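Residue numbers for the sequence shown follow UniProt numbering, so the first one is 1 and each next one is one higher. Read through the structure below, which is laid out as structure tokens, and then see the notes.
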Amino acid sequence: MIEGREQLEHVLQSNQALQSDGLSSIFTEFENVTRAYEETIERVEFLMKETEKIHENWKDWDETQRNLQCIMVGIVKELSELKKGENNSKQICSELEFCQERMNRLETVCNYLTSSLSILHDQSLPSSTVFDFASELTIYSNALIQLRTRCLFFEELVRKRRYVHNIPEIKSIRETEVVQKSIIDWPLKALLMLIGMLTVLITWMTSIDNGHVINNWRNAIGIHLEYVNGPPPF
Numbered sequence: 001m002i003e004g005r006e007q008l009e010h011v012l013q014s015n016q017a018l019q020s021d022g023l024s025s026i027f028t029e030f031e032n033v034t035r036a037y038e039e040t041i042e043r044v045e046f047l048m049k050e051t052e053k054i055h056e057n058w059k060d061w062d063e064t065q066r067n068l069q070c071i072m073v074g075i076v077k078e079l080s081e082l083k084k085g086e087n088n089s090k091q092i093c094s095e096l097e098f099c100q101e102r103m104n105r106l107e108t109v110c111n112y113l114t115s116s117l118s119i120l121h122d123q124s125l126p127s128s129t130v131f132d133f134a135s136e137l138t139i140y141s142n143a144l145i146q147l148r149t150r151c152l153f154f155e156e157l158v159r160k161r162r163y164v165h166n167i168p169e170i171k172s173i174r175e176t177e178v179v180q181k182s183i184i185d186w187p188l189k190a191l192l193m194l195i196g197m198l199t200v201l202i203t204w205m206t207s208i209d210n211g212h213v214i215n216n217w218r219n220a221i222g223i224h225l226e227y228v229n230g231p232p233p234f
């Protein structure tokens, strides 16, 4: 059509009949139609590119929300085991962190879709004829933010419970260490007592001469007092 317009323009410019009012108005109208056609083609190309982006984002959205759904099902099972008394709070915290990552990714894709659909949404059309996907995705994005906040709160509760649960275990470990240390120190204490008793026994045996206790102060270290003619009278 563009080539046809150029050829027609060349013919009209070379023809003297162009001076008539009828041909001039036809040429002006044809130019307007051609310009509108070119704008339409450009808009269609733009919309095709945006539609491809939306399609890729939607595939990413679908995969991410499926993964998130599987994670949530797993968390529900872990919570059921936790109610039965299982010590799986660490596993729950790990899955909640992974759930947070998936929700962040889902929110990002949701923002991409919202932006793309807002571009495609023609504001000139009546609201009743076009479904407002952008508004629906905005509501869903806000719901994800609330869900993430609740998960963070629940994750903090699980961490506190795990900490409280580990306190008796730490206390038990410390008591075990004290008992083990006492068991290890007992032979050493017994050996020291035995050495002390042997020392006392040897000292007592060396102080006996022919069954009588003798004075060994003479052999002791220090100043000695000896009486030549016996002790002084009292």
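The beta-carbon is built from N, C-alpha and C at its ideal position, and this holds for glycine as well. The structure presented is a predicted model; accordingly, all values stated were derived computationally and were not measured.
Residues of its chain near residue i, where Cβ-Cβ distance is below 8 Å and the 5 sequence neighbours each way are ignored
| i | result |
| --- | --- |
| N142 | none |
| C99 | L68, I71, M72, I75 and C151 |
| T64 | R102, R105, L106 and V109 |
Residue i classed as buried or exposed, judged by whether at least 16 other C-beta atoms fall within 10 angstroms
| i | result |
| --- | --- |
| T149 | exposed |
| N57 | buried |
Inter-residue Cα distance where the pair is residue i and residue j
| i | j | result |
| --- | --- | --- |
| F30 | A36 | 10 Å |
| V109 | F153 | 24 Å |
| E45 | E86 | 58 Å |
| L96 | Q146 | 15 Å |
| S116 | K49 | 10 Å |
| N32 | K53 | 32 Å |
| I139 | R66 | 19 Å |
| S80 | K90 | 14 Å |
| E42 | H55 | 20 Å |
| W61 | I119 | 19 Å |
| S94 | T114 | 30 Å |
| T34 | L47 | 20 Å |
| I26 | T51 | 37 Å |
| T40 | S24 | 25 Å |
| K160 | K59 | 38 Å |
Residues of its chain near residue i, where Cβ-Cβ distance is below 6 Å and the 5 sequence neighbours each way are ignored
| i | result |
| --- | --- |
| Y112 | N57 |
C-beta neighbour in chain B for residue i, strict 8 Å
| i | result |
| --- | --- |
| I119 | No chain B is part of this structure, which consists of one protein chain only. |
Distance cut-off 7 Å: residue i Cβ against heavy atoms of the ligand HEM
| i | result |
| --- | --- |
| E86 | Questions concerning the ligand HEM fall outside what the structure shown contains, since it holds no ligand whatsoever. |
7 Å Cβ shell around residue i - same chain, five flanking residues per side excluded
| i | result |
| --- | --- |
| K83 | none |
| T28 | none |
| E156 | none |
Residue ranges of each alpha helix (DSSP H) within the stretch 88 to 114, 4 or longer: For the stretch 88 to 114, not a single whole alpha helix (DSSP H) run of length 4 or above is found.
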